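> Residue numbers (my numbering): 127 to 447.
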Amino acid sequence: MNSPNQQELQLHFEYRCYQFDEICDFSSLVNANLGYKINPSNRITIGIQDVPFGPGRGWSTNWFGDITVTSGLSDIHHLGVNFNTQLSDDTTIDLAYFVRDAGSYVGDSKNAARYSASYVNPNDPNETRLQEKNMLVSRIDQKLPQWIDGLNLSAGGSYWYSQLDNKTNNQTGHRNSWAIFSRAHYNNFNLTLTTGRNKIKNKDLLQPNYSVMGAFDTNYYVANDADFYAIDINYAYKDPNGRFNLTPYATYSLYNKNIDDYKDSTRHTIGAQLDVKKFSFATEYIFGKNDPFINGNMQSLAIADNKPTHKMLNLLFFYNF
């Protein structure tokens, strides 16, 4: 067994396979990285990994993800290096540099066979092609003083700057995004609040207000200037006799576009997960408006799709081994 003070290496690999029409007709690499623990307070990770933006990998409890996932802000994985340091028991800092996105894998689309929402090559050759690279991402996460017994609070912020190469007109734009977040844990209740701004300059004279992104083998437009909000609450109930765990949860998320005539995009979820020994079952009721993955279209996260709020039931079954 290693001493807590010893250096150590850790390999992380995650590849996902999905079925739209046939088994694995869409599949994608999520993470493939090597972590090196320099000492108990410092760690460096190299490879395809989570982008340290916002409160964590995902900002909500639910499995389908909130609207910030589809807009390319949370649950994002790129190729680069991240230095994580704990200045104290209460303060954690991430400093990361990403060379590029994680790439495209198996699917029918030209460039959107990927897990993370990223800027992609459009299916239409007449549309602008963007490539995001040289990403600088930083995050600070601070535990706050405990003033009520059983109540744990934390707050933090993150910043994301990157270069956006416009391959169509050979100009360079950039991403300039920030997020602030807070968490509260009281007994079995957990609350996470996240807000921020996504600001993109794509150097596209014809379409400066939106850019082409892709994920899960689908291309769609995303507004270049928006405020975003995500609120997630859950309650983790553990049976005193150890027979099961039950976690009900709810998520509110909004992509609030700062462009005239562009209508906001929302995705809200109510769900619960039941864990019994090695088996888990989750059910989610999802409400989406101007959402490309809830009966929307390519324009949903940009101008809008002018459709009413749609609803979807998401059922999942897991066997953990």
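Backbone N, C-alpha and C define an ideal beta-carbon position, used for all residues, glycine too.
Predicted model only: the values in this text are computed from it and were never measured.
What are the boundary residues of the alpha helix (DSSP H) that residue 196 is part of?
Where residue 196 is concerned, the enclosing alpha helix (DSSP H) stretches over 193-196.
> Thinking C-alpha only, which one of 394, 285, 225, 384 is nearest residue 257?
Closest by alpha carbon: 225.
> I need the DSSP call for residue 189, collapsed to helix, strand or coil.
Three-state result, residue 189: coil.
> Return the Cβ separation of residue 352 and residue 383 in integer angstroms, given the expectation that the two are a contact with Cβ distance under 8 Å.
About 5 Å separates the two Cβ atoms, so the contact holds.
> Look at the alpha carbon of residue 439 and the alpha carbon of residue 415, and state the distance between them as a whole number of angstroms.
About 15 Å.
> Helix, strand or coil for residue 273? Go by DSSP, reduced to three states.
If DSSP states are grouped into helix, strand and coil, residue 273 belongs with coil.
> Quick check on the DSSP output: the beta strand (DSSP E) that includes residue 301 runs from which residue to which?
From DSSP, the beta strand (DSSP E) with residue 301 extends over 297-312.
> Ends of the beta strand (DSSP E) at residue 140?
Where residue 140 is concerned, the enclosing beta strand (DSSP E) stretches over 134-145.
> Tell me, which residues are paired with residue 393 by DSSP?
The partner list for residue 393 (beta bridge, DSSP) reads 379, 414.
> In its own chain, which residues sit with a C-beta less than 7 Å from the C-beta of residue 190, not counting the 5 before and 5 after it?
Only 395, 410, 412, 440 meet the Cβ criterion.
> Can you give me the Cβ contacts of residue 137 inside the same chain, cut-off strictly under 8 Å, excluding the 5 residues immediately before and after it?
Counting only Cβ-Cβ distances below 8 Å, and skipping sequence neighbours, we find 159, 160, 161.
> Could you check what DSSP says for residue 148 in three-state terms: helix, strand or coil?
DSSP places residue 148 in coil when its eight states are reduced to three.
> What do you get for residue 184, buried or exposed, if any count of 16 or more other CB atoms within 10 angstroms of its CB means buried?
Label assigned to residue 184: buried.
> What's the call for residue 399, buried or exposed, on a 16-neighbour Cβ count within 10 Å?
With 16 or more Cβ atoms within 10 Å of its Cβ, residue 399 is classed as buried.
> Residues in its own chain within less than 7 Å of residue 126 by CB, not counting five upstream and five downstream?
The structure shown does not extend to residue 126, since the chain is modelled only from 127 to 447, so the question has no answer here.
> Going straight from the alpha carbon of residue 168 to that of residue 210, what length do you get?
Residue 168 and residue 210: Cα-Cα distance of roughly 6 Å.
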